[in-house]
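Written below as structure tokens is the structure these notes are about.
In our numbering, the protein residues as written are 25 to 265.
Take a look at the structure:
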């Protein structure tokens, strides 16, 4: 689904990405792990257009998307979330879901004003179903700023799914989330793999390891190793947290 080839990025002469080549398979949960400063966030920022690559290529479903702006990459089905969730805090949970519909720039009010009543009903029904699945349905009318850290993470995932994300890229989604809730959130990610694909950067390996399909280890701007089930014990001993 996602392929990078020899992707490199410099900051004032410092090589933050050093020829990174990865493949992300569809309907899998792929984890990138590594010490602080290894280039993990730079990699996902470069994939999603927030940084420009200095060399190399990014392909998504066979199409080259290298250095396309974030909104164009979003249109193609790649949604990126951040360490600190960024909902519209004064809007309700449901309103946050509705404005993430799969036409960037087209919000629910636009649908109503153009007489797309059926489209409106479909969007609201989809949002309600996702909120129920994510366990946020009781909070549908709650302003986003009142949510806990874990609930905000789930809302971000819901917004990505409202945008029909084919690939959700997440930067440390378990930051600030207690272990019990983190495990519950990750269980939902595993269920959602039927419909989408996850690429996740996360330090809390002890929490996420049993949920992932593939692990890629990044050090000094390079992918130095990768593996799956049998690889987890080795990574756990390295304690990249």
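Just so it is clear, CB atoms sit at the ideal spot from N, CA and C, and this is done for glycine as well.
Inter-residue Cα distance where the pair is residue i and residue j
| i | j | result |
| --- | --- | --- |
| residue 34 | residue 170 | 39 Å |
| residue 239 | residue 251 | 5 Å |
| residue 140 | residue 147 | For residue 140, the predicted model reports a pLDDT of 47, less than 50, meaning its position is unreliable; a value from the coordinates is still stated below. When rounded, the distance between both Cα atoms is 11 Å. |
| residue 156 | residue 83 | 34 Å |
| residue 201 | residue 145 | 33 Å |
| residue 101 | residue 189 | 5 Å |
| residue 36 | residue 150 | 46 Å |
| residue 57 | residue 91 | 24 Å |
| residue 152 | residue 115 | 16 Å |
| residue 125 | residue 179 | 14 Å |
| residue 199 | residue 185 | 21 Å |
| residue 50 | residue 211 | 18 Å |
| residue 76 | residue 42 | 14 Å |
| residue 163 | residue 172 | 11 Å |
| residue 231 | residue 25 | 26 Å |
| residue 61 | residue 143 | 45 Å |
| residue 167 | residue 194 | 23 Å |
Closest Cα partner of residue i within the set the options
| i | options | result |
| --- | --- | --- |
| residue 88 | 27, 106 and 194 | 27 |
| residue 244 | 66, 114 and 49 | 66 |
| residue 214 | 55, 38, 47 and 102 | 55 |
| residue 177 | 63, 37 and 120 | 120 |
| residue 237 | 222, 230 and 248 | 222 |
| residue 48 | 229, 217 and 234 | 217 |
| residue 182 | 62, 105 and 143 | 105 |
| residue 98 | 219, 191 and 161 | 191 |
Beta-ladder partner(s) of residue i, from DSSP
| i | result |
| --- | --- |
| residue 173 | DSSP lists no partner for residue 173. |
| residue 81 | 29 |
| residue 38 | 35 |
| residue 4 | Because the chain spans 25 through 265 in this model, residue 4 falls outside it and cannot be assessed. |
| residue 116 | 167 |
| residue 222 | 53 and 192 |
| residue 105 | 194 |
| residue 44 | 31 |
| residue 87 | 84 |
Expected contact under 8 Å - CB spacing of residue i and residue j to nearest Å
| i | j | result |
| --- | --- | --- |
| residue 70 | residue 112 | Residue 70 to residue 112, Cβ: 26 Å. No contact. |
| residue 80 | residue 93 | Contact doesn't hold; Cβ gap of about 18 Å is too wide. |
| residue 196 | residue 225 | 6 Å |
| residue 44 | residue 247 | 6 Å |
Minimum Cβ-Cβ distance from residue i to chain B less than 9 Å
| i | result |
| --- | --- |
| residue 110 | This model lacks chain B altogether; it includes just one protein chain. |
query: Quick one: complete beta strand (DSSP E) runs, 3+ long, within the stretch 174-218?
result: 191-195
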